[in-house]
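Structure record follows, encoded as structure tokens.
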Amino acid sequence: MRLLLLLLLLLVLLLLPLLLLLLLLLLLLLLLLLLLLLCYCCYCCSSAAAATAATAAATAAAATPAAATATAAAAAAATASSAVTITITTTTTTATTTKLLLLQLNRLLLLLLLLLLLLLLLLLLLLLLLLLLLLLLLVLLLLQQQQQQQQLLLLLLVLLLLLLLLLLLLLLLLLLLLLLQQLLLLLLQLLLLLLLLLLLLLLLLLLLLLLLLLLLLLLLLLLLLLLLLLLLLLLLLLLLLLLLLLLLLLLQLHLLLLLLLLLFLLLLLLLQLLHQLLLLMRLLLLLLLLLLLLVLLLLPLLLLLLLLLLLLCYCCYCCSSAAAATAATAAATATPTAATATAAAATASSAVTITITTTTTTATTTKLLLLQLNRLLVLLLLLILLLLLLLFLRLLLLLLLLLLLLLLLLLLLLLLLLLLLLLLLLLLLLLLLLLLLLLLLLLLLLLLLLLLLLLLLLLLLLLLLLLLLLLLLLLLLLLLLLLLLLLLLLLLLPLQLLLLLQILLQLLLLLQQLQLLPLSVVLQLLLHCYCYYYYS
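First residue of the sequence shown: 2, per our numbering; consecutive thereafter.
What follows is the structure, given as structure tokens:
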């Protein structure tokens, strides 16, 4: 008995400092809770002010692209501005979701602190229950030798205290269940907020990709406009080339007119040459006629001279026979022959003068003819040179036109290649847009799946909460049963001791009858059992 009392006192002395430490921890946790509640209130006020400012800024930022879209006329610019507004709204929603996430985290910390407080309270209550049980045992051991009424009153008081403690335990367990439910709800909310943040980030990335694609489309449209302008410029160049060709044709007509004039001048020169040739022919004919006249005039003179020579020879021959007669006849005939000779000499001198004048005129005409021939040759050379220059210019113009046409063809080919590349880029952008739409659809499907999973998790959590409640109720029932059993044991302890002594006596007697133990040992054991029963 004394040993049991000492042990119980030692246990009580050991549990008292533990109770003091737990009380100090409870006070510290309460102080931390107050500080966190103050911080939480301050943070909620500041976050509300920041949220109002952010919403005002977001509305202002959303109004500016709306004005830009009202002023813009192109559809691509409108789509880009709408995408910008969508990105701004998504960024604002992400900011609000992050703030909500932080608020939920603060609430989670507060609930965790409350859970710690409740657990400490449960520990305190359990320790109190243990102390009360120990005190109850002490009271029972100390008051076994006193009266029965006082013992019963003390037992009733201890039972009432135990019931109160059990009720407190039930209340604390209910609070724990509520706090666990709140914690689970907060965890679900945090999961939902995290999923929303991830989805918003994915949407931001997709919107940024859409903005990049829209910018690429705008750049492609600008490139198409530049290509159209280049095509217009090429068409203008072609028109200018056609005008140049027309001008060249007109210049060629002018050159043809010049050639015609030159040909006309050549014809005039040829006519002049023909006229001069005719004049030469006439002069030559005149010369021939004059030569014939001279020949005709000189023939009688020669004949006369021959006649004179013949007559002289005849006279010399016939001088001997008829000198007087011949002299008279010679004298008579000499006078008319002299007159005829003088007349013939005069005609011959006039013919000579005429021939001289005709020869001088022929010389002058031949000089003029040579001059005209020189001029004709010079004009022919000029014509040949002009024709060569015209051919050379035509060849140069043809080469230039060919080069220009080749350049235009190359530019057209380059433009066609650029158009093909732009079409390919447009196709790629359309494919990327389709892929982004497919990704959005997949994200929506993932959202639906996540929502279904969250619903299933909620159902499972509810089932788990129900199971926990059932388990707690069972535990409480078991505790009550244990307490009742302890009370019954405490109340029925003397009866049990008697039963045990009777069982021991019967065993000892059986052993002594079976001669397994000697009689002295049996007597000693019986004496010890009696002493134990008496002192108990």
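Every residue, glycine too, gets a C-beta built ideally from N, C-alpha and C.
Secondary structure at C319: coil, using DSSP grouped into helix, strand and coil. For the set L426, L421, L281 and L104, the Cα lying nearest the Cα of L191 is the one of L104.
Exposed is the label assigned to L400, since fewer than 16 other Cβ atoms lie within 10 Å of its Cβ. Closest in C-alpha terms to T363, from the list L278, L460 and L269, comes L278.
Note on L215: 16 or more other CB atoms within 10 angstroms of its CB, so buried under the neighbour-count rule.
Taking all protein chains in view, the Cβ of L372 is surrounded by fewer than 16 other Cβ atoms within 10 Å, so the residue is classified as exposed.
Contact between L425 and L228 does not hold, since their C-beta atoms are separated by about 14 Å, which reaches or exceeds 8 Å. Put simply, the backbone Cα of L404 is about 48 Å away from that of L274. Around the beta carbon of L411, fewer than 16 other beta carbons lie within 10 angstroms, which makes this residue exposed.
Under the Cβ criterion (8 Å, minimum of three pairs), the stretch 220-235 does not count as touching the stretch 449-469. At the C-beta level, I355 and L291 come within 8 Å of one another. Straight across, the Cα-Cα distance linking L299 with C314 is about 22 Å. For a cut-off of 8 Å, the C-beta gap from L201 to L437 is around 16 Å, too long to register as a contact. Within the same chain, and ignoring the five residues on either side of L384 in sequence, the residues whose Cβ sits closer than 7 Å to its Cβ are L263. When the alpha-carbon of T97 is set against those of L446, F265 and L194, the nearest one is in L194. Between the C-alpha atoms of L454 and L220 there is a straight-line separation of about 44 Å.
The Cβ-Cβ distance between L451 and L196 falls below 8 Å.
In this model, L444 and L226 are separated by some 37 Å (Cα to Cα).
With a beta-carbon spacing of about 10 Å, T361 and L284 fall beyond the 8 Å limit used to define contacts. Relative to L240, the option among K100, L188, L406 and R108 whose CA is nearest is L406.
Between the beta-carbon of L381 and that of L281 there is about 21 Å, and that puts the pair past the 8 Å contact cut.
In terms of CA proximity to L398, L243 leads the group F265, L212, L243 and L295.
Looking from the CA of L267, the closest CA among L206, L374 and C320 belongs to L374. Shortest Cα-Cα distance from L207 to any of L433, C319 and L416 involves L433. With a cutoff of 8 Å on beta-carbon distance, L189 and L459 are scored as near each other. Between the C-alpha atoms of L428 and L435 there is a straight-line separation of about 10 Å.
The beta carbon of L423 is closer than 7 Å to those of L221, L224 and L225 in its chain, skipping five residues each way along the sequence. About 14 Å separates the CB atoms of L462 and L179; that is not less than 8 Å, and the two are not in contact.
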